[in-house]
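Peer 1: One structure, pasted below without further comment.
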Amino acid sequence: MERPLLVYTTFPDAASALNIGEALVRERLIACINVLPGMQSVYSWKGAVERGEEVAAILKSREGLADVLSAALKARHPYETPIILHLPVAGADADTAAWILAETQPADATLAAPPSS
Numbered sequence: 001m002e003r004p005l006l007v008y009t010t011f012p013d014a015a016s017a018l019n020i021g022e023a024l025v026r027e028r029l030i031a032c033i034n035v036l037p038g039m040q041s042v043y044s045w046k047g048a049v050e051r052g053e054e055v056a057a058i059l060k061s062r063e064g065l066a067d068v069l070s071a072a073l074k075a076r077h078p079y080e081t082p083i084i085l086h087l088p089v090a091g092a093d094a095d096t097a098a099w100i101l102a103e104t105q106p107a108d109a110t111l112a113a114p115p116s117s
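Residue numbering for the sequence shown follows the UniProt record's numbering, starting at 1 and increasing by one per position.
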C-alpha cells in the first residue's frame, strides 16, 4: 500500500495558504491542508538576513503524488522560491492513512478488483 506524505511549506498569509490549499484539495492532490498562522521567521535571502511574519502549512497527500504536487504548489505559490519539504511518514493510523489515500485518488479511479482470468 502506498504511504501517506506530509509536505511542509510557508506562505505570506493565511488567505493565500487557504486558497491554494482548497485548489489542491479540489484537484485531489491533497486530502487536507493545516494552516498555522502567527509564525515569525528569520531567514537568509539573497545575501541579507530578513525577518517576517508567515504562516506554516502542512499538506497531507500520498508519496506517488510528490512530484506533481510540488509542481502544482510551486506554480501557484506567491513566493519566488517557496519552501517545499517532503516529510515521509514512517507510520500512520490505518484509518487516517486510508482516508488520505482515498481522498487523493483521481476522481475517475475505480477501486474495483481486477477481473479474474
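We treat Cβ as the ideally placed atom computed from N, Cα and C, and that holds for glycine.
Because the structure is a prediction, the values reported are computed rather than measured.
Only counting the same chain, and skipping five residues up and downstream in sequence, which positions put a Cβ closer than 6 Å to that of cysteine 32?
Peer 2: Lys60
Peer 1: How would you write the range of the alpha helix (DSSP H) that leucine 73 sits in, first residue to last?
Peer 2: 66-76
Peer 1: DSSP has residue 136 in a bridge; who is on the other side?
Peer 2: Shown here, the chain extends from 1 to 117; a query on residue 136 therefore has no answer.
Peer 1: When burial is assigned at 16 or more other CB atoms within 10 Å of the CB, is leucine 87 buried or exposed?
Peer 2: exposed
Peer 1: Quick one: grab the DSSP three-state call for glycine 52.
Peer 2: Strand, per DSSP.
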